[in-house]
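Asker:
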Amino acid sequence: AWSDLVVLDPGDDHYLVDSRVFVVPHFAFGTYYSNQNFFAGISIPRLLGYNFNFNRNKYSLVIDPADYDYMLNMGHLINLAAKVKLLPSVLVSWTPGTQLLYDINAHLNISDRMWLGATYRNDRSVAGLFQFSVNEQLKIAYTYDYDIGKLGRYSDGSHEVMLRYQFTFRADAVNPMIF
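Counting in my numbering, the sequence shown runs without a single skipped number right up to 1108 at its last residue.
1) If we count Cβ pairs, one from each stretch, closer than 8 Å, do we get three or more for the region 993-1006 versus the region 1016-1035?
2) Return the first residue and the last residue of the beta strand (DSSP E) that residue 1026 is part of.
3) The beta strand (DSSP E) that contains residue 987, what's its start and end?
4) According to the neighbour-count rule (16 or more other Cβ atoms, all chains shown, within 10 Å of its Cβ), is residue 1046 buried or exposed?
5) Tell me whether residue 1087 is buried or exposed, calling it buried when 16 or more other Cβ atoms sit within 10 Å of its Cβ.
6) Return yes when the Cβ of residue 951 is within less than 9 Å of the Cβ of residue 976, no when it is not.
7) For residue 1037, does the three-state DSSP call read helix, strand or coil?
8) Is residue 955 buried or exposed, if buried means 16 or more other CB atoms sit within 10 Å of its CB?
9) Three or more beta-carbon pairs under 8 Å between the region 1048-1058 and the region 1068-1081, yes or no?
10) Out of 1044, 1028, 963 and 991, which has the shortest C-alpha to C-alpha gap to residue 1062?
11) Near residue 982, what residues of its chain come up, given a Cβ to Cβ distance below 8 Å and the 5 sequence neighbours on each side ignored?
12) From this set, 1023, 1093, 993 and 961, which residue's C-alpha is nearest residue 1065's C-alpha?
13) Using DSSP with H/G/I as helix, E/B as strand and the rest coil, what is residue 1017?
14) Can you grab the Cα-Cα spacing for the pair residue 1024 / residue 1042, in whole Å?
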């Protein structure tokens, strides 16, 4: 129960208020286009913001485009050989008043079963990726992300393992999604 919570700073305003439940709706905007060799998308993942007023013990709605995160992604699949494809892509994220963030990616697809990839992120980190498609529905992936900025001195990087199973795969699809 909320009352059983042990806090380090009992005078913190966050812990002095009652444990009420608040409904805070979430809305986003995005659009995505793709064909067999190209994809592009734009989005604003959070259109509504909320500020909490401790004196009134309630949230107030804030709609301010200056607080929005604007995101753009795109990529193009290039056939290098009969069974080898290159997918360069970019992800750009910007919030007004902050630094533009970007990921530059290059992924090599071999026989539509294996992906090898690399990512460079804003002078902050680099990442490597390996993905293998066991069959049309099951994919296994591993990524390693290493911080090349100041944080890199204190971290050995991060590892991520992914297991993906696609329940609604249809083999008769006219335009199977490779991305």
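Think of the CB as a built atom: it goes at the ideal place given N, C-alpha and C, for glycine as much as any other residue.
Answerer: Let me lay it out:
1) With a cut-off of 8 Å, the region 1016-1035 and the region 993-1006 count as touching, because enough Cβ pairs lie within range.
2) For this step, residue 1026 is matched to residue 97 along the sequence shown. No beta strand (DSSP E) holds residue 1026; DSSP gives it neither H nor E.
3) Within the sequence shown, the letter at position 58 stands for residue 987. For residue 987, the enclosing beta strand (DSSP E) begins and ends at 987-991.
4) Taking the first residue of the sequence shown as position 1, residue 1046 is located at position 117. Looking at its Cβ environment, which holds 16 or more other Cβ atoms inside 10 Å, residue 1046 is buried.
5) On the sequence shown, residue 1087 is found 158 positions in, with the first residue counted as 1. Exposed: under 16 other Cβ atoms inside 10 Å.
6) Mapped onto the sequence shown, residue 976 falls at position 47. Mapped onto the sequence shown, residue 951 falls at position 22. No. Outside cutoff.
7) As a working note, residue 1037 is residue 108 in the sequence shown. Looking at residue 1037 - three-state DSSP - the assignment turns out to be strand.
8) For the purposes of this step, residue 955 is taken as the residue at position 26 of the sequence shown. Exposed.
9) Yes, they touch.
10) Here the question's residue 1062 lines up with position 133 in the sequence shown. Looking at the Cα atoms, 1044 is the closest of the given residues.
11) Here the question's residue 982 lines up with position 53 in the sequence shown. Around residue 982: 988 and 989.
12) In the sequence shown, the residue the question calls residue 1065 occupies position 136. By alpha-carbon distance to residue 1065, the top candidate from 1023, 1093, 993 and 961 is 1093.
13) In the sequence shown, the residue the question calls residue 1017 occupies position 88. For residue 1017, the secondary structure class from DSSP, reduced to helix, strand or coil, is strand.
14) Walking along the sequence shown from the start, residue 1024 turns up at place 95. Walking along the sequence shown from the start, residue 1042 turns up at place 113. The C-alpha of residue 1024 lies about 37 Å from the C-alpha of residue 1042.
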